[in-house]
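K.L.:
One structure, as structure tokens, below. Some questions next.
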Amino acid sequence: SKFLVTGANGFVAVWVIRALLEKGHAVRGTARSAKKGDYLRNIFKAYGDKFELVVVEDITEEGAFDDAVKGIDIVAHTASPFQFTAEDPDDFIVPAVKGTVGILEPTVQRVIVLSSASAIVSPFNIEPIVIYDENDWNETAYQVVEQQGKNAPVPFWYIASKTLAEKAAWDFVEKNKSDVNFDLTTLVPPLIFGPLIHEVHSASELNQSLTDFHDTLVKGIPNNFPELAHGFIDVRDLAEAHVRAAEVADAGGKRFIISGGSFHWQDIMDTAAKIQPPVVENFPKGTPGIGKPISNNFTLKTGRAEQTLGMKWRPLQDTIHDTLVAFKDKGFAY
Ligand code: NDP
Numbered sequence: 008s009k010f011l012v013t014g015a016n017g018f019v020a021v022w023v024i025r026a027l028l029e030k031g032h033a034v035r036g037t038a039r040s041a042k043k044g045d046y047l048r049n050i051f052k053a054y055g056d057k058f059e060l061v062v063v064e065d066i067t068e069e070g071a072f073d074d075a076v077k078g079i080d081i082v083a084h085t086a087s088p089f090q091f092t093a094e095d096p097d098d099f100i101v102p103a104v105k106g107t108v109g110i111l112e113p114t115v116q117r118v119i120v121l122s123s124a125s126a127i128v129s130p131f132n133i134e135p136i137v138i139y140d141e142n143d144w145n146e147t148a149y150q151v152v153e154q155q156g157k158n159a160p161v162p163f164w165y166i167a168s169k170t171l172a173e174k175a176a177w178d179f180v181e182k183n184k185s186d187v188n189f190d191l192t193t194l195v196p197p198l199i200f201g202p203l204i205h206e207v208h209s210a211s212e213l214n215q216s217l218t219d220f221h222d223t224l225v226k227g228i229p230n231n232f233p234e235l236a237h238g239f240i241d242v243r244d245l246a247e248a249h250v251r252a253a254e255v256a257d258a259g260g261k262r263f264i265i266s267g268g269s270f271h272w273q274d275i276m277d278t279a280a281k282i283q284p285p286v287v288e289n290f291p292k293g294t295p296g297i298g299k300p301i302s303n304n305f306t307l308k309t310g311r312a313e314q315t316l317g318m319k320w321r322p323l324q325d326t327i328h329d330t331l332v333a334f335k336d337k338g339f340a341y
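Position one of the sequence shown corresponds to residue 8 (full-length UniProt numbering), numbered consecutively onward.
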């Protein structure tokens with residue numbers, strides 16, 4: 008099949024493209040400028056003309072993807088703002104929603120939208136034990152942003168954008184049921200870690216989740232929300248989930264949580280401390296042991312992805328190890 012992968016230069020997208028090419032598929036990537044294509048063409052040169060790159064400057068424009076989508080069977084939509092340097096909630100929400108609805112092109116067979124656990128997990132849930140599955144929606148964060156605008160915390164702007172974008176995709180499909188021939192699949196990952204193969208020249212250019220990882224494990228910056236647990240997924244498992252979401256007929260019309268398990272930032276430090284020989288010297292130790300009681304009470308249920316897509320998950324220790332090795336190779340382990 009021929010795939011379109013939007014936001015081709017991103018951390019996740021480069022792994023998705025590589026997994027698809029490895030399976031023999033053809034991939035057209037989109038990026039916001041031609042310059043971003045040079046690095047990609049170089050790392051994928053072994054696949055010859057199976058990889059190509061097109062420029063889509065502004066995904067919020069009407070018909071932005073009309074040319075890019077010509078001849079495409081399956082779309083994987085990953086492009087979405089995820090830098091907490093934005094100035095207004097709409098800097099997240101408008102490209103996230105318009106980009107997602109705009110990519111729902113009638114001529115393709117399937118559209119895979121990369122959503123986020125932000126669309127499921129409510130930041131206001133203070134129950135001692137929390138368990139989420141694909142029926143859950145985070146109904147709180149976007150309402151806070153609707154009410155408070157710029158006064159809402161900046162991470163909520165992002166959370167709102169991901170929730171509203173995924174909702175808009177499902178609403179579009181529901182409203183246009185009688186005319187759409189494609190089906191929609193959404194993948195819902197929590198924080199994504201793992202080695203990086205996209206173009207990054209310094210630690211300050213890392214995407215948000217690897218910045219958090221780097222801040223905790225290399226710089227020793229204490230986490231802002233010590234009472235919270237999160238889910239994690241290895242970027243390579245998420246790439247594999249994209250391949251399976253495209254290849255498994257039953258994946259159409261479904262939402263899948265794609266998570267390797269739960270963690271607290273202290274668990275990351277504790278797990279890293281057990282890796283022998285150590286990948287990074289003198290990394291911060293925090294307060295060993297305080298994470299587990301918190302992360303043990305947080306569950307993202309992944310039965311659907313295991314049964315329908317046959318997913319298996321890399322353990323956290325492997326992801327931490329491989330992420331640290333990648334940081335070291337790039338000179339970011341300082
Ligand atoms: P990156 O920042 O590495 O990639 C983001 C991609 O989206 C880049 O190609 C970027 O292009 C593009 N993009 C950002 N803003 C816009 C915009 N306004 N218009 C067009 N393209 C845009 O991040 P990730 O790889 O981590 O994120 C990929 C996807 O995964 C996103 O949809 C994100 O929401 C989702 N996700 C990520 C998680 C994580 O932990 N990393 C967790 C859950 C979901 P450019 O380089 O030109 O800015």
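All C-beta atoms in this analysis are idealised placements derived from N, C-alpha and C, irrespective of residue type, glycine included.
Indicate the three-state DSSP secondary structure (helix, strand or coil) for residue 139 in the structure shown.
P.N.:
For the purposes of this step, residue 139 is identified with residue 132 of the sequence shown, where counting begins at 1. In this structure, residue 139 counts as strand in the three-state DSSP scheme.
K.L.:
Buried or exposed, going by whether 16 or more other CB atoms sit within 10 Å of the CB of residue 277?
P.N.:
Position 270 of the sequence shown, counted from the first residue, corresponds to residue 277. By the 10 Å Cβ count, residue 277 comes out buried.
K.L.:
Return the chain-ordered ranges of every alpha helix (DSSP H) run that is complete within the segment 29 to 67 and spans a minimum of 4 residues.
P.N.:
Here the runs fully enclosed are 42 to 50.
K.L.:
Roughly how many angstroms separate the alpha carbons of residue 246 and residue 47, rounded to a whole number?
P.N.:
The count along the sequence shown starts at 1 and reaches residue 246 at position 239. The count along the sequence shown starts at 1 and reaches residue 47 at position 40. Rounded to the nearest angstrom, the two C-alpha atoms are 16 Å apart.
K.L.:
What is the DSSP secondary structure of residue 271, reduced to helix, strand or coil?
P.N.:
Taking the sequence shown and counting its residues from 1, one reaches residue 271 at position 264. Residue 271 falls in the coil class under three-state DSSP.
K.L.:
Along the chain, where does the alpha helix (DSSP H) containing residue 253 start, and where does it finish?
P.N.:
Position 246 of the sequence shown, counted from the first residue, corresponds to residue 253. Looking at the DSSP string, the run of the alpha helix (DSSP H) that includes residue 253 is 242 to 254.
K.L.:
At 3 residues or longer, and completely inside the segment 119 to 178: list those beta strand (DSSP E) runs for me, N to C.
P.N.:
Qualifying beta strand (DSSP E) stretches, in chain order: 137 to 139.
K.L.:
Excluding the five sequence neighbours on either side, which residues of its own chain have a C-beta within less than 7 Å of the C-beta of residue 110, listed in chain order?
P.N.:
Indexing the sequence shown from 1 puts residue 110 at position 103. So the list reads 13, 72, 82, 84 and 118, once near-sequence residues are dropped.
K.L.:
Rounded to the nearest angstrom, what separates residue 322 and residue 204 at their Cα positions?
P.N.:
Sequence index remark: in the sequence shown, residue 322 carries index 315 (1-based). Sequence index remark: in the sequence shown, residue 204 carries index 197 (1-based). If you take the alpha carbons of residue 322 and residue 204, they lie about 20 Å apart.
K.L.:
So who's on the other strand from residue 82, going by DSSP bridges?
P.N.:
Counting from 1 along the sequence shown, the entry for residue 82 is found at position 75. In DSSP, residue 82 forms a bridge with 11 and 118.
K.L.:
Taking just the CA atoms, how far does residue 294 sit from residue 253?
P.N.:
Taking the first residue of the sequence shown as 1, we reach residue 253 at position 246. Taking the first residue of the sequence shown as 1, we reach residue 294 at position 287. Residue 253 and residue 294: Cα-Cα distance of roughly 43 Å.
K.L.:
Can you list every residue whose CB sits closer than 5 Å to some heavy atom of the ligand NDP, going in chain order?
P.N.:
Taken from the N-terminal end onward, the list reads 14, 16, 17, 18, 19, 39, 66, 85, 86, 87, 88, 89, 102, 121, 123, 196, 198, 199, 214 and 216.
K.L.:
For residue 67, count neighbouring Cβ atoms within 10 angstroms of its own Cβ and tell me buried if that reaches 16, exposed if not.
P.N.:
Here residue 67 refers to the residue found at position 60 when the sequence shown is read from its first residue. When all chains shown are included, residue 67 counts as exposed.
K.L.:
To which residues of the same chain is residue 54 closer than 6 Å at the C-beta, ignoring the five residues directly before and after it?
P.N.:
For this step, residue 54 is matched to residue 47 along the sequence shown. Cβ neighbours of residue 54 beyond the five flanking positions: 28.
K.L.:
Assess contact between the segment 248 to 267 and the segment 215 to 233, defined as three or more Cβ pairs (one per stretch) separated by less than 8 Å. Is contact present?
P.N.:
Contact fails: fewer than three Cβ-Cβ distances are below 8 Å.
K.L.:
Apart from the five residues on each side of it in sequence, which residues of its chain come closer than 7 Å, Cβ to Cβ, to residue 6?
P.N.:
The chain is shown from 8 up to 341; residue 6 falls before or after that span and cannot be answered.
K.L.:
Would you identify the three-state DSSP class for residue 98, choosing helix, strand or coil?
P.N.:
The residue given as residue 98 occupies position 91 in the sequence shown. In the structure shown, residue 98 sits in a helix (DSSP, three-state: H, G or I).
K.L.:
Check the C-beta distance from residue 165 over to residue 89 and give it rounded, since I have them as a contact under 8 Å.
P.N.:
For the purposes of this step, residue 165 is taken as residue 158 along the sequence shown, with counting starting at 1. For the purposes of this step, residue 89 is taken as residue 82 along the sequence shown, with counting starting at 1. With a Cβ gap of about 6 Å, residue 165 and residue 89 count as contacting.
K.L.:
Can you tell me whether residue 334 is buried or exposed? The criterion is at least 16 other CB atoms within 10 Å of its CB, across all chains shown.
P.N.:
One-based indexing of the sequence shown puts residue 334 at position 327. Counting Cβ neighbours within 10 Å, residue 334 comes out buried, since at least 16 surround it.
K.L.:
Taking the alpha helix (DSSP H) that residue 336 falls in, what are its first and last residues?
P.N.:
Translated into positions along the sequence shown, residue 336 becomes position 329. Looking at the DSSP string, the run of the alpha helix (DSSP H) that includes residue 336 is 323 to 337.
K.L.:
Using only CA atoms, which one of 155, 159, 311 and 305 lies nearest to residue 134?
P.N.:
As a first step, residue 134 is located in the sequence shown; it is residue number 127 there, counting from the start. Nearest option by C-alpha distance: 305.
K.L.:
Comparing C-alpha positions only, which one of 238, 288, 319 and 248 sits nearest to residue 298?
P.N.:
Within the sequence shown, residue 298 is the residue found at index 291, counting from 1. Nearest option by C-alpha distance: 238.
K.L.:
How would you write the range of the beta strand (DSSP E) that residue 7 sits in, first residue to last?
P.N.:
Lying before the first or after the last residue shown, residue 7 is absent from the chain, which here runs from 8 to 341.
K.L.:
Kindly indicate which three-state DSSP category residue 27 falls into: helix, strand or coil?
P.N.:
Against the sequence shown, residue 27 aligns to sequence position 20. If DSSP states are grouped into helix, strand and coil, residue 27 belongs with the helices.
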